[in-house]
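S.K.:
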Amino acid sequence: EPPTIETEEESQEFEAAVGEPVVFECNASGEPPPVVSWNKVPPVLKGPAEERVEVVSGRPITLECTASGIPQPTNLWRFDEEILIEGENIKFVNESLFIESFGISHSLTSLAKEPPTIEEGPHEVVAVEGEVVTVFCSVSGNPSPKITWHNEGSQITEKMEETEEVVLKSSVNENILNDIGSIRKPTRGLLASGALQFSPILVNHAGNYSCVADNEAGSAKHEFPVSVLLPPKVTLDLSSHVTTVGGSVEFFCKAKGSSSFYILMEERENSYTSRARYEFHQKLRKLLRKLFLSKEFQIMSNGTLVLHHVTLDMAGSYTCSARNPAGVGEDSQVLTVNELPKVSVAAKEIIVAAGENAELECFAEGQPKPSISWSRPDLAGLEITPKDSRIQLIDNRLIISPVISEDMGTYQCTGTNRAGSESANLALVVTSVPEIKEELDEELTLLLGETITLSCTPISGYPPPEIIWRKEGRLLRGSSRVHLATNGEIVIDNAKGMKSLTLTCEAVGVPTPSISWLLNGTEVDGAPVSEGGRGQLVIKRAAKSDEGTYTCVATNSAGYRKAVAGVKGAAEAVSLLRVTTPPKIIEGPTSKEVEVGQTAVFDCIAEGEPKPELQWSVAFGELHDRYKTLTNGSLQLVAVQVEDEGQVICQVFNELGEDLAKANITVRVAGGWSSWTPWSVCSTVCGPGKQIRQRFCNNPAPRNGGKECVGEGVTSRPCEDTPCPVNGGWSLWEDWSKCRKRLCNHPVPLHGGQPCEGPEKEEKPCKMRECPVDGSWSDWSEWTPCSRTCGDALKQRTRICNSPPPQAGGKDCIGEGLEVMPCGGNPCKIDGGWSDWSEWSDCSVTCGEGIQYRRRSCDNPAPVNGGKDCEGPNTEEEICKHRICVVHGSYDHCLVSNFKYLLVD
Numbered sequence: 001e002p003p004t005i006e007t008e009e010e011s012q013e014f015e016a017a018v019g020e021p022v023v024f025e026c027n028a029s030g031e032p033p034p035v036v037s038w039n040k041v042p043p044v045l046k047g048p049a050e051e052r053v054e055v056v057s058g059r060p061i062t063l064e065c066t067a068s069g070i071p072q073p074t075n076l077w078r079f080d081e082e083i084l085i086e087g088e089n090i091k092f093v094n095e096s097l098f099i100e101s102f103g104i105s106h107s108l109t110s111l112a113k114e115p116p117t118i119e120e121g122p123h124e125v126v127a128v129e130g131e132v133v134t135v136f137c138s139v140s141g142n143p144s145p146k147i148t149w150h151n152e153g154s155q156i157t158e159k160m161e162e163t164e165e166v167v168l169k170s171s172v173n174e175n176i177l178n179d180i181g182s183i184r185k186p187t188r189g190l191l192a193s194g195a196l197q198f199s200p201i202l203v204n205h206a207g208n209y210s211c212v213a214d215n216e217a218g219s220a221k222h223e224f225p226v227s228v229l230l231p232p233k234v235t236l237d238l239s240s241h242v243t244t245v246g247g248s249v250e251f252f253c254k255a256k257g258s259s260s261f262y263i264l265m266e267e268r269e270n271s272y273t274s275r276a277r278y279e280f281h282q283k284l285r286k287l288l289r290k291l292f293l294s295k296e297f298q299i300m301s302n303g304t305l306v307l308h309h310v311t312l313d314m315a316g317s318y319t320c321s322a323r324n325p326a327g328v329g330e331d332s333q334v335l336t337v338n339e340l341p342k343v344s345v346a347a348k349e350i351i352v353a354a355g356e357n358a359e360l361e362c363f364a365e366g367q368p369k370p371s372i373s374w375s376r377p378d379l380a381g382l383e384i385t386p387k388d389s390r391i392q393l394i395d396n397r398l399i400i401s402p403v404i405s406e407d408m409g410t411y412q413c414t415g416t417n418r419a420g421s422e423s424a425n426l427a428l429v430v431t432s433v434p435e436i437k438e439e440l441d442e443e444l445t446l447l448l449g450e451t452i453t454l455s456c457t458p459i460s461g462y463p464p465p466e467i468i469w470r471k472e473g474r475l476l477r478g479s480s481r482v483h484l485a486t487n488g489e490i491v492i493d494n495a496k497g498m499k500s501l502t503l504t505c506e507a508v509g510v511p512t513p514s515i516s517w518l519l520n521g522t523e524v525d526g527a528p529v530s531e532g533g534r535g536q537l538v539i540k541r542a543a544k545s546d547e548g549t550y551t552c553v554a555t556n557s558a559g560y561r562k563a564v565a566g567v568k569g570a571a572e573a574v575s576l577l578r579v580t581t582p583p584k585i586i587e588g589p590t591s592k593e594v595e596v597g598q599t600a601v602f603d604c605i606a607e608g609e610p611k612p613e614l615q616w617s618v619a620f621g622e623l624h625d626r627y628k629t630l631t632n633g634s635l636q637l638v639a640v641q642v643e644d645e646g647q648v649i650c651q652v653f654n655e656l657g658e659d660l661a662k663a664n665i666t667v668r669v670a671g672g673w674s675s676w677t678p679w680s681v682c683s684t685v686c687g688p689g690k691q692i693r694q695r696f697c698n699n700p701a702p703r704n705g706g707k708e709c710v711g712e713g714v715t716s717r718p719c720e721d722t723p724c725p726v727n728g729g730w731s732l733w734e735d736w737s738k739c740r741k742r743l744c745n746h747p748v749p750l751h752g753g754q755p756c757e758g759p760e761k762e763e764k765p766c767k768m769r770e771c772p773v774d775g776s777w778s779d780w781s782e783w784t785p786c787s788r789t790c791g792d793a794l795k796q797r798t799r800i801c802n803s804p805p806p807q808a809g810g811k812d813c814i815g816e817g818l819e820v821m822p823c824g825g826n827p828c829k830i831d832g833g834w835s836d837w838s839e840w841s842d843c844s845v846t847c848g849e850g851i852q853y854r855r856r857s858c859d860n861p862a863p864v865n866g867g868k869d870c871e872g873p874n875t876e877e878e879i880c881k882h883r884i885c886v887v888h889g890s891y892d893h894c895l896v897s898n899f900k901y902l903l904v905d
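In UniProt numbering, the protein residues as written are 1 to 905.
1) Can you give me the Cβ contacts of T134 inside the same chain, cut-off strictly under 6 Å, excluding the 5 residues immediately before and after it?
2) Helix or strand or just coil, what does DSSP make of M408?
3) When the Cα of V337 is compared with those of E712, Y318 and T846, which residue comes out closest?
4) Hey, A639 and G671 are a contact pair by Cβ (cut 8 Å); roughly how many whole angstroms apart?
5) Using CA atoms only, rank isn't needed, just tell me which of S731, L393 and C766 is closest to C756.
6) Which first and last residues belong to the beta strand (DSSP E) in which H309 is found?
7) Decide if C137 is buried, meaning its Cβ has at least 16 other Cβ atoms within 10 Å, or exposed.
8) So which of G815, V886, D779 and R854 has the shortest CA-CA distance to G848?
9) Whose CA, out of F602, Q636 and I649, lies closest to the CA of G621?
10) Distance, Cα to Cα, G121 vs G153?
11) State buried or exposed for F24, treating a residue as buried only when at least 16 other CB atoms are found within 10 Å of its CB.
12) Exposed or buried, I394, counting other C-beta atoms within 10 Å across all chains shown (16 or more means buried)?
13) Could you pull the DSSP bridge partners for T666 from this structure?
14) Could you give the first and the last residue of the continuous beta strand (DSSP E) run that contains V343?
15) Quick one: is P589 buried, meaning 16 or more other Cβ sit within 10 Å of its Cβ, or exposed?
16) From what residue to what residue does the beta strand (DSSP E) around K91 run?
17) Just to check my reading of the structure: R799 and G817 have Cβ atoms closer than 8 Å, yes? What is that Cβ distance to the nearest angstrom?
18) Can you give me the start and stop residues for the beta strand (DSSP E) that T798 sits inside?
19) Hey, E645 and T666 are a contact pair by Cβ (cut 8 Å); roughly how many whole angstroms apart?
20) Distance, Cα to Cα, G872 vs L794?
21) So the beta strand (DSSP E) M821 belongs to, where does it begin and stop?
22) In chain order, what residues of the same chain lie with their CB nearer than 6 Å to the CB of T4, ignoring the 5 residues before and after it?
23) Short of 7 Å in beta carbon distance, which residues of its chain neighbour Y560, apart from the five on each side in sequence? Order them along the chain.
24) Between the segment 229-247 and the segment 315-331, can you find at least three pairs of beta-carbon atoms closer than 8 Å?
25) Measuring alpha carbon to alpha carbon, tell me which of E54, S96 and V132 ends up nearest S199.
26) Just how far apart, CA to CA, sit V491 and K662?
27) Leaving out five residues before and five after L291 in sequence, what residues of the same chain have Cβ atoms less than 6 Å from its Cβ?
28) Considering S96, what are the terminal residues of the beta strand (DSSP E) in which it resides?
29) Between the segment 58-76 and the segment 354-367, do three or more beta carbon pairs fall short of 8 Å?
30) Could you check which residue in S787, I586, Q641 and D625 has the C-alpha nearest to that of L614?
31) Tell me whether the beta-carbon of I201 lies closer than 8 Å to the beta-carbon of E129.
32) Would the beta-carbon of T304 fall within 8 Å of that of P370?
33) Let me confirm a value: N178 is counted as buried when at least 16 other C-beta atoms fall within 10 Å, else exposed. Which label applies?
34) Between the alpha carbons of V771 and P806, how many angstroms are there, rounded?
35) At the level of alpha carbons, what is the spacing between E119 and L97?
36) I believe S835 touches N802 by the beta-carbon criterion, under 8 Å. Please report the beta-carbon distance rounded to the nearest angstrom.
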């Protein structure tokens with residue numbers, strides 16, 4: 001950036017008493033910071049340094065001398081080296097000298113032999129190696145002083161041509177500088193204007209210089225130093241660093257160059273710099289303040305940048321920049337931050353029925369993104385690969401299709417990247433339908449009182465099968481006679497058969513009475529016929545319906561007739577029969593579907609003799625404290641939970657047997673979200689990207705028609721690990737002048753992007769407008785052949801206005817482009833041609849048959865120059881007829897009549 005001076009006025013005036021200090025301010029800015037120098041404005045005379053004036057003796061003369069300077073100079077007049085003093089004949093009027101009377105011709109000089117004064121010279125020259133530097137030394141004096149230049153006391157005598165272009169840039173390497181002699185000799189010399197020029201300036205040009213001005217009146221000398229700066233050269237110890245999250249990194253930066261430079265460590269758009277020595281960039285202060293407070297980094301006195309507790313967002317390109325007035329030197333290192341994998345599984349246990357598909361899901365995060373592998377730690381770390389056709393490895397999922405019992409076990413998911421590995425285990429449970437070792441006989445025959453042992457041995461099934469015995473559909477439970485062994489056997493001691501009931505009734509009477517039976521006053525059907533007054537009622541397999549009061553009635557003719565021999569009336573014996581029956585559930589519990597937290601009540605009504613005892617249980621597990629048995633025997637389940645889902649069992653039993661009934665409890669569960677998974681790796685390696693995290697509707701999962709989770713299962717947020725390199729793009733071309741330019745700012749290359757390709761400026765031929773070009777004829781073409789071989793004929797020739805054609809408004813060719821002239825020799829022979837026929841002449845007779853004529857002439861055209869006569873006759877005749885001529889005859893009537901007839905005809 002070139003220097004600029006900030007001032008409100010171009011010039012200011014200060015007043016001060018002698019001995020008081022005066023402060024002059026000069027606010028200058030630029031990059032690199034400019035060097036400020038001060039100069040006092042010396043007196044300057046307007047007009048020639050020496051002027052000869054001739055006057056007439058005795059006449060007055062006025063000489064003008066105009067001078068300027070700060071402060072305003074006072075004129076001093078001399079005559080022959082003597083100072084003139086104002087008197088009667090000499091007056092000083094303003095800046096002029098007035099001589100009232102001049103005696104002889106004199107030569108007056110306003111400033112005679114003034115010693116040199118160096119009015120303006122450099123205080124210090126500071127330049128970057130490779131630049132072209134021109135040093136000026138402004139002097140005054142009379143006569144005009146001669147300027148010489150000296151370096152360390154030795155006069156500089158080399159001459160060189162003036163140049164303004166920079167021969168070598170400040171970033172030139174040492175090899176080119178060493179060979180500078182082959183580029184331009186000399187590199188330091190005097191210009192025709194007297195200035196000293198370095199083209200280019202080199203390190204060995206540094207030293208003390210002086211500008212010496214000499215004339216007859218004396219000499220003046222101005223000394224100044226010349227300093228040559230070298231741009232910094234920066235090197236980092238490594239081209240890249242690799243570390244893991246939480247580690248520490250050191251960047252050691254070495255810089256060489258001119259002594260006045262500082263080091264700036266940058267990470268992408270962030271700058272790490274020593275707070276004690278350098279001022280922060282305004283846009284980076286917030287970040288640096290955060291870094292200082294967290295003590296995440298430290299800059300050592302030797303320029304080493306130390307990053308403590310490295311995080312993922314610290315990855316990127318780090319640049320060490322050394323800057324001095326000569327330029328900037330940079331070197332970069334790439335920091336790669338790896339993060340150990342963090343592995344988790346969607347579920348610790350997955351239960352799948354044999355024959356179905358099993359999907360095992362594993363989540364792995366880390367930097368770089370971990371690869372996922374699967375193994376079986378319960379099978380000596382067996383690696384799982386797609387060699388088995390049932391195995392599919394898709395992204396982070398292991399799919400087994402279909403699952404078999406042998407797949408049950410522990411599975412290990414391992415995430416691996418450059419930072420290391422981590423594993424997580426999950427269990428795969430494969431359920432299968434139980435199979436029984438042997439079938440039971442369909443029918444067993446045994447003696448009353450024998451002990452029965454029945455075996456039921458399952459050979460497969462997972463989870464391990466529970467063995468349940470039923471008799472005629474009723475669940476059997478252990479009792480004094482029924483023993484359920486752990487090996488699946490059931491033992492029934494003293495097996496009972498169903499007994500028969502026999503009632504006997506004997507009666508005496510004359511005649512011998514017959515016996516009949518009544519049950520509760522109703523005659524028993526099918527009772528056997530009595531014999532000898534004795535009857536038996538046999539009830540086989542007595543049932544509850546057989547219970548009641550049995551009456552034996554003896555009837556004979558006397559009794560029936562209300563006359564009883566030996567017995568008055570009927571002899572009647574009464575017996576009370578009480579029948580015991582096994583329990584039977586007549587109204588069992590009904591299945592229910594309830595929400596979590598609701599209350600469910602199950603009823604169970606049974607009958608039997610003796611009255612059966614009622615007992616509640618659940619299919620798996622024990623009744624907990626939320627189950628309550630009501631006074632009417634119903635079962636109440638308070639605050640239903642998911643784990644209560646299953647079956648409740650109502651079981652009734654007495655000494656004759658037992659019965660049971662089941663009801664299903666289905667629990668409707670509304671879905672609940674799991675915790676969010678960690679954020680995924682950014683979807684892009686540079687530039688704006690997206691991170692996602694998930695949660696699953698499995699805490700709990702909706703069941704049995706329960707509501708799904710409300711809300712989104714996936715959320716995202718923007719991320720940007722590092723800015724993407726931006727390749728430079730050209731702006732639009734400027735309007736044409738002598739040439740046109742474009743800038744590489746659309747966009748500017750950033751973050752290691754490629755610079756623009758192609759030239760920054762271009763030139764092309766141009767012209768304001770086409771100059772007019774008058775047309776000019778081409779040469780005439782050859783004459784064409786005559787249009788005829790005899791008689792009058794023509795021939796022609798042409799030319800074209802194309803040598804050149806008229807252009808840009810030029811004039812057309814003057815003259816004609818076609819020229820025609822007659823040609824031919826002898827007259828042409830002309831054959832005769834007939835004219836048209838004339839009209840026919842009158843007929844040669846007035847009646848009867850005659851002749852008429854017509855004619856034509858051989859004059860259309862007439863034959864000339866030996867042409868042929870017309871062929872054919874020139875006359876033509878034909879017969880013509882008129883009316884029949886009148887013939888006078890006699891007055892014979894017949895003839896007259898005939899004549900008349902003829903006339904009429």
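The beta carbon of each residue, even a glycine, is placed where N, CA and C say it ideally should be.
M.R.: The answer reads as follows:
1) The answer, listed in chain order, is A195 and Q197.
2) coil
3) Y318
4) Not a contact, Cβ separation roughly 20 Å.
5) Of the candidates S731, L393 and C766, the residue whose Cα lies closest to the Cα of C756 is S731.
6) No beta strand (DSSP E) holds H309; DSSP gives it neither H nor E.
7) buried
8) V886
9) I649
10) Spanning the alpha carbons of G121 and G153 requires a straight line of approximately 18 Å.
11) exposed
12) Exposed, since its Cβ has fewer than 16 Cβ neighbours within 10 Å.
13) E593
14) G327 to V345
15) buried
16) Where K91 is concerned, the enclosing beta strand (DSSP E) stretches over I90 to V93.
17) Taking C-beta atoms under 8 Å as the contact rule, R799 and G817 qualify, at a distance of about 5 Å.
18) Annotation for T798: the continuous beta strand (DSSP E) segment containing it runs A793 to T798.
19) 6 Å
20) Each residue's CA atom was taken as its position, placing G872 and L794 some 36 Å apart.
21) L818 to C823
22) S29
23) Note that Y560 scores 42 on pLDDT, short of 50, meaning its location in the model is unreliable and no value can be drawn from it.
24) yes
25) V132
26) If I take the Cα positions, the gap works out to 24 Å.
27) The predicted position of L291 is uncertain, since its pLDDT is 45 and thus under 50; a value taken from the coordinates is nonetheless stated next. These residues qualify, in order along the chain: F297.
28) S96 to I99
29) no
30) I586
31) yes
32) no
33) Interpretation of N178 is limited by its pLDDT of 45, a score under 50 that renders its predicted location unreliable; no figure is taken from the coordinates.
34) Correcting the residue type first, residue 771 is Cys in the shown sequence and not Val. About 11 Å.
35) 27 Å
36) That pair is no contact at about 53 Å.
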